[in-house]
Structure formats: C-alpha cells, structure tokens
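What follows is a single structure, written as structure tokens, with notes after it.
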Amino acid sequence: MRNFLSETVVNIKPSGIRKFFDIVSEMKDAISLGVGEPDFDTPWHIRDEGIYAFERGKTFYTSNAGLKDLRIEISNYLNRTQGISYNPDNEILVTVGGSEAIDIGLRAVINPGDEVIIPQPSYVSYEPCAVLAGAKPVIINLKAENEFRLTPEELLNVITDKTKVLILPYPNNPTGAIMEKEDLEKIAKIVIEKDILVMSDEIYAALTYKEKHVSIASLEGMKERTILINGFSKAYAMTGWRLGYACAPDWLIKQMTKIHQFAIMCAPTTSQYAAIEALKNGDEDVETMRKSYNQRRRYLMNTFKEMNLECFEPFGAFYVFPCIKEFGMTSEEFATKFLQEEKVALVPGTAFGDCGEGFLRISYAYSIENLKLAMKRLKNFIERLRNK
Numbered sequence: 021m022r023n024f025l026s027e028t029v030v031n032i033k034p035s036g037i038r039k040f041f042d043i044v045s046e047m048k049d050a051i052s053l054g055v056g057e058p059d060f061d062t063p064w065h066i067r068d069e070g071i072y073a074f075e076r077g078k079t080f081y082t083s084n085a086g087l088k089d090l091r092i093e094i095s096n097y098l099n100r101t102q103g104i105s106y107n108p109d110n111e112i113l114v115t116v117g118g119s120e121a122i123d124i125g126l127r128a129v130i131n132p133g134d135e136v137i138i139p140q141p142s143y144v145s146y147e148p149c150a151v152l153a154g155a156k157p158v159i160i161n162l163k164a165e166n167e168f169r170l171t172p173e174e175l176l177n178v179i180t181d182k183t184k185v186l187i188l189p190y191p192n193n194p195t196g197a198i199m200e201k202e203d204l205e206k207i208a209k210i211v212i213e214k215d216i217l218v219m220s221d222e223i224y225a226a227l228t229y230k231e232k233h234v235s236i237a238s239l240e241g242m243k244e245r246t247i248l249i250n251g252f253s254k255a256y257a258m259t260g261w262r263l264g265y266a267c268a269p270d271w272l273i274k275q276m277t278k279i280h281q282f283a284i285m286c287a288p289t290t291s292q293y294a295a296i297e298a299l300k301n302g303d304e305d306v307e308t309m310r311k312s313y314n315q316r317r318r319y320l321m322n323t324f325k326e327m328n329l330e331c332f333e334p335f336g337a338f339y340v341f342p343c344i345k346e347f348g349m350t351s352e353e354f355a356t357k358f359l360q361e362e363k364v365a366l367v368p369g370t371a372f373g374d375c376g377e378g379f380l381r382i383s384y385a386y387s388i389e390n391l392k393l394a395m396k397r398l399k400n401f402i403e404r405l406r407n408k
C-alpha cells in the first residue's frame with residue numbers, strides 16, 4: 021500500500037508543550053507549571069449564563085459569524101478598552117478559540133510561496149499554521165537584551181518582496197514580553213511603508229502589569245491592515261469553552277468566514293451566550309485574576325533574584341522565561357532532569373523556537389502554594405548543579 025500521508029503534515033513537529041504535561045500527569049506528587057491554563061474557575065455568573073442557555077434550549081447553530089449580540093459586545097469591548105471601532109455586522113468573526121482565528125486568518129490571505137514573518141520565541145501554532153497555509157515561515161530570533169521586543173531593525177532585515185504577513189505575538193507567550201505604544205509606532209511605520217498585513221495575537225491583552233495594553237490596530241493607518249485576534253480563554257478563565265474572535269476589514273472577514281463556514285459552521289452556541297455575559301459584566305473578575313497573577317509574578321521574580329537565577333522581568337501574560345545557560349545543559353536536558361529528580365514539569369524554551377535554547381517557560385497560572393513548593397524544589401536542584 022502506498023504512503024497516503026501528507027509530507028507537509030508529517031514534517032511538522034508535534035507541540036513541545038504537551039510532552040512534559042503528559043509525563044507529569046502519570047507521576048505521583050508531581051507539580052506541573054507547564055500549561056498555560058488559568059487555575060481559576062470560570063466566574064459563576066458566566067457559568068450561570070451558559071447553564072441558562074441550556075435550560076432555554078439555546079442549543080442550535082448560530083449564524084456562521086456568531087451571535088449578533090456577542091459581536092456587538094465584542095465591538096463595545098474593543099471600543100472601550102482600545103478605542104477601536106469595529107462593525108459587528110461585517111468586521112467581527114466568532115471562532116473556536118484564538119487558534120482557529122490564527123489558522124483561518126492565514127489561510128484567507130496566503131498564496132503559495134508568500135512569506136510570513138514570525139518573531140520567536142512565540143506560541144507554537146504560528147509556524148505550523150503558516151506552513152499548512154502554503155507560506156514560507158521567516159523567523160526573527162528575538163533577544164533577551166531587548167526584553168524580547170521586536171525591533172524595527174530586526175523587521176527590516178527580513179522583509180522581502182514576498183512578505184505578506186507579520187505575526188505580532190504580544191503580550192508574548194512564552195516570555196511575558198510586551199510592546200509599548202512607542203515600540204508599535206515604529207513597527208507600524210514599516211508595515212505601512214512595505215505594504216504588509218499584521219496578525220496581532222492579543223489573547224493576553226487584559227493581563228498586563230506595567231501599563232495598559234495598546235493594540236497596533238488602534239494606531240493610525242493600521243486598522244485596515246490588521247487581523248486582531250483575541251478570545252476568552254485566558255482573561256476569563258474559559259479555556260474549555262473554546263471561544264475566540266477575529267476582527268479585520270470586511271473584505272478579509274468575508275473570506276475568513278467562508279473557511280469557518282465550511283470547516284466549523286459556528287462556534288459553540290452555549291459558549292457564545294456565556295461570553296456575552298463575560299463581556300458585559302466580567303471586568304471585575306478579570307481585574308481580580310490579573311492582581312493575583314501579578315502577585316505570583318512578583319513572587320517568582322523575587323525568588324529568582326534570591327537564587328541568582330537570571331530572568332528578565334516580564335510585564336504581560338502569565339509566564340516567566342528564566343535563563344539556565346550557566347548550567348551548560350540544553351533546555352530539554354535541564355527540564356527532563358528537573359522533572360526526574362524533583363518532579364516538577366517546566367517547558368523547554370526550544371518548544372517555542374530554536375532561539376528559546378537556554379531558557380525555560382514557567383507558567384504562573386497556578387496557585388501560590390504550588391509555586392512556592394516548585395520554587396523550593398528548583399532551588400534545591402540548581403544548588404546541586406552549582407555544587408558539582
């Protein structure tokens with residue numbers, strides 16, 4: 021029998037995040053700090069709205085683009101938080117998580133051979149989605165000395181006449197890096213001059229600790245060339261509800277909706293009703309969780325300082341990205357040995373791109389009790405390494 025598998029799919033590496041999570045799930049007394057999932061339950065008033073939707077029999081398909089009331093609330097939310105005005109009729113598409121929005125956004129604009137610029141370290145889905153859309157991924161290796169921000173020089177160095185899309189992954193997973201308004205203005209100027217499109221993944225926009233997040237779509241001349249992606253998983257602790265959205269010009273949303281229509285039909289109906297409640301009345305919940313994450317973030321940074329473990333200070337998302345180069349081990353070796361000896365799962369930085377070598381991603385979307393226990397084990401581990 022001949023080989024029926026797609027070479028493109030076979031050549032894509034599986035996610036490096038799940039490997040350690042799968043191991044730790046079968047290990048007694050182990051702690052996992054590897055998965056980017058809030059430890060908070062979805063707030064009750066949001067869950068109640070989902071339950072009420074069930075009770076009312078709201079279990080049918082919605083329109084392909086999503087419930088009109090939800091699209092209106094998304095429009096209102098982005099207007100009040102970012103000052104961006106999107107038409108709920110034709111500039112907003114409700115998707116199955118932000119991941120679907122990334123996938124169909126790329127598929128809607130890529131022709132074979134187009135180049136997609138991907139700053140790394142960054143979320144594991146960008147590069148495979150670009151490949152599956154027929155694009156050539158062009159990687160920018162971000163630098164710790166620049167706080168993992170994308171610089172104008174780095175961007176200009178890789179733009180060619182085949183460049184179609186720049187993925188802008190801020191606030192960043194895995195580093196926690198942010199881009200401030202003055203950073204974005206320099207990038208926007210190049211994007212407009214070079215006539216390229218931006219996919220701005222803003223799933224962690226509500227979780228920043230230095231100053232309020234600024235969307236590149238809010239800058240002059242950028243709304244018409246930006247796919248803004250966001251969702252409910254991180255800010256509202258709604259990972260299992262599988263709900264996100266994309267905002268873009270009507271001509272682009274029309275084509276993304278076409279793909280969504282044939283592949284998905286519509287996002288989960290119950291989740292959509294719950295999301296309306298989240299956007300209407302969830303601001304206090306988000307702020308409560310954000311304050312808790314910030315407390316955990318500051319605890320980890322102080323602990324690293326006490327350990328003399330190098331780590332730049334992140335101001336977004338819920339990850340830290342400490343450097344372990346001093347130990348002369350690869351990220352994979354360090355994470356594996358740490359898991360075996362101390363029963364704590366972290367993610368090697370290389371799961372997010374080759375330039376993540378020498379770093380580890382630690383999620384602080386976990387209780388402070390678990391973080392303290394894990395840091396005690398990390399301290400013991402690195403003391404043994406230093407005393408060899």
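Following the working numbering, the numbering of the sequence shown begins with 21 at its first residue and continues without gaps.
Using N, Cα and C, we set each Cβ at its ideal position, and we do this for glycine too.
No experiment lies behind these values; they were computed from the predicted model shown.
- Rounded to the nearest whole angstrom, the C-alpha separation of LYS201 and GLY154 is 32 angstroms.
- For TYR293, the secondary structure class from DSSP, reduced to helix, strand or coil, is helix.
- For the pair ILE51 and ASP42, the Cα-to-Cα distance works out to about 12 angstroms.
- When the five nearest sequence neighbours on each side are left out, the beta carbons in the same chain lying within less than 7 angstroms of the beta carbon of GLU205 are those of LEU239, in order along the chain.
- Secondary structure note for ILE124: its alpha helix (DSSP H) is the uninterrupted segment 117-129.
- For LYS274, the uninterrupted alpha helix (DSSP H) segment begins and ends at 270-283.
- VAL185 carries a strand assignment under DSSP once its states are collapsed to helix, strand and coil.
- Using a Cβ distance threshold of 9 angstroms, ILE94 and TYR106 count as a contacting pair.
- ILE159 has ILE138 as its beta-bridge partners, per DSSP.
- Scanning its chain for C-beta atoms nearer than 8 angstroms, with the 5 sequence neighbours on each side dropped, one finds around MET285 the residues TYR81 and ASN84, in chain order.
- In the DSSP annotation of this structure, MET258 is not part of any alpha helix (DSSP H), being labelled neither H nor E.
- Less than 9 angstroms separates the beta-carbon of LEU53 from that of ALA365.
- For ALA394, the enclosing alpha helix (DSSP H) starts and ends at 388-406.
- The beta carbons of VAL144 and VAL158 sit no closer together than 9 angstroms.
- Contact between PRO368 and GLU346 does not hold, since the beta-carbon distance rounds to 16 angstroms and is not under 8 angstroms.
- Annotation: ARG76 to ASN390 spans about 40 angstroms, alpha carbon to alpha carbon.
- Beta-bridge analysis with DSSP links LEU248 to SER220 and CYS267.
- Its chain contains MET276, ILE279 and HIS280 as the residues whose beta carbon lies nearer than 6 angstroms to that of ILE124, once the 5 sequence neighbours on both sides are disregarded; these appear in chain order.
- DSSP lists GLY336 as the beta-bridge partner residues of THR228.
- A residue is called buried once 16 or more other Cβ atoms fall within 10 Å of its Cβ, and ARG318, having fewer, is exposed.
- DSSP places ARG318 in no beta strand (DSSP E) but in the uninterrupted alpha helix (DSSP H) bounded by 303-327.
- The Cβ-Cβ distance between LEU162 and GLU174 falls below 9 angstroms.
- Annotated as distal: GLY70 and VAL114, with beta-carbon spacing of 9 angstroms or more.
- Of the residues assessed, LYS408 falls on the exposed side of the cut-off, its CB having fewer than 16 other CB atoms within 10 angstroms.
- Spatial neighbours of ASN96 in its own chain (CB-CB distance under 8 angstroms, excluding positions within 5 residues in sequence) are listed in chain order as LEU299.
- Taking 9 angstroms as the cut-off, the Cβ atoms of GLU244 and SER235 do not count as close.
- With contacts defined as CB atoms closer than 9 angstroms, ASP270 and GLU57 fail to qualify as a contacting pair.
- Take the alpha-carbon of LEU380 and the one of ASN400: they are about 17 angstroms apart.
- In the three-state reduction of the DSSP assignment, SER351 falls in the helix class, which pools H, G and I.
- Rounded to whole angstroms, the separation of the alpha carbons of GLU46 and TYR190 is 33 angstroms.
- Of LYS254, ALA385, SER387 and LYS230, the smallest CA-CA separation from GLU333 is found for LYS230.
- Taken in chain order, the unbroken stretches of alpha helix (DSSP H) that lie wholly in the region 56-117 and span 4 residues or more are 64-75 and 88-102.
- Take SER387, set aside five residues on each side of it, and the residues of its chain with a beta-carbon closer than 8 angstroms to its own are ASP59, in chain order.
- Secondary structure of PRO172 (DSSP, three-state): helix.
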